[in-house]
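In short: position in the sequence shown from 1, add 113, done, that's the numbering used here. Beta carbons: idealized from backbone N, C-alpha and C, even for Gly. Here the structure is laid out as C-alpha cells; the discussion comes afterwards.
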Amino acid sequence: MKNTFTIVSLLFLLNSFGQNLNFEILFGNYANDHFEKKFHVQERKWVLDNDQLSYSIDEHDTRYADTLTLTKEEQKRISDYVLKEGLNQNIEEEIEKDYLKGEGTKGVIKGFIQINSTKNTISLIGEALFLVVDTPNGKKLKELENILHNIVDNYGIKE
Numbered sequence: 114m115k116n117t118f119t120i121v122s123l124l125f126l127l128n129s130f131g132q133n134l135n136f137e138i139l140f141g142n143y144a145n146d147h148f149e150k151k152f153h154v155q156e157r158k159w160v161l162d163n164d165q166l167s168y169s170i171d172e173h174d175t176r177y178a179d180t181l182t183l184t185k186e187e188q189k190r191i192s193d194y195v196l197k198e199g200l201n202q203n204i205e206e207e208i209e210k211d212y213l214k215g216e217g218t219k220g221v222i223k224g225f226i227q228i229n230s231t232k233n234t235i236s237l238i239g240e241a242l243f244l245v246v247d248t249p250n251g252k253k254l255k256e257l258e259n260i261l262h263n264i265v266d267n268y269g270i271k272e
C-alpha cells in the first residue's frame, strides 16, 4: 500500500510539471521577378520558448517584431492544439503544381516543434504558400498560426 502511494505521488508530481513546448515556425513566400529584376520576400516567423512568444512579420512594406510573455492558459491552449492535431511529429512534404513551374516562386512552412527533449522538423515546400497551406498539414499549421494571431491580438486584454 505504501509503495502504491509512493508511485502514484511520484507520477502526480512528474505530471504536474507539464510539458516543455518550444517551436520555431516560418511561413514564407518568395518570388523572383525576372522582368523587374526584383526579389520579393514575405515572411512570418513565430518562436515559442516556454512562456515567451516572439514573432516577426516582414511583408510588403510592413516590418514588425515583438515578444510576449504567455499565461499558463495560453501555453496550454497552444500545447493542447499541437498534441490534438498531431503536430508533434516530423512533417515533410513537397507540393508540385505544373502550372506554377518555372515562375520563380516558392512557398514554405519550415521549422521545428519540440516537446520536452523530442524535436520534430517541419518542411512543407511548394511553388506558392497558398498551395502549401492547402495541404492537410499546412491547414493544421495555419490554424496554429491563427491561434497565435488571436493570442497576440488579445494580449493584455483581461476579461
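{"Check": "Within 8 Å, strictly: CB atoms of residue 264 and residue 156", "Outcome": "no"}
{"Check": "Burial state of residue 229, where buried means 16 or more other Cβ atoms lie within 10 Å", "Outcome": "exposed"}
{"Check": "Delimiting residues of the beta strand (DSSP E) encompassing residue 146", "Outcome": "134-146"}
{"Check": "First through last residue of the alpha helix (DSSP H) which encompasses residue 192", "Outcome": "185-197"}
{"Check": "Inter-residue spacing [alpha-carbon to alpha-carbon] between residue 197 and residue 205", "Outcome": "19 Å"}
{"Check": "Contact set for residue 153: own chain, Cβ-Cβ below 6 Å, skip 5 residues either direction", "Outcome": "144"}
{"Check": "C-alpha distance - residue 245 paired with residue 142, whole-angstrom precision", "Outcome": "10 Å"}
{"Check": "Three-state secondary structure (DSSP) of residue 262", "Outcome": "helix"}
{"Check": "Identity of the residues DSSP links to residue 315 by a beta bridge", "Outcome": "With the chain covering 114 to 272 only, the question about residue 315 has no answer from this structure."}
{"Check": "Among 250, 227, 231, nearest to residue 238 - alpha-carbon criterion", "Outcome": "250"}
{"Check": "Limits of the beta strand (DSSP E) - the one that residue 166 falls within", "Outcome": "165-172"}
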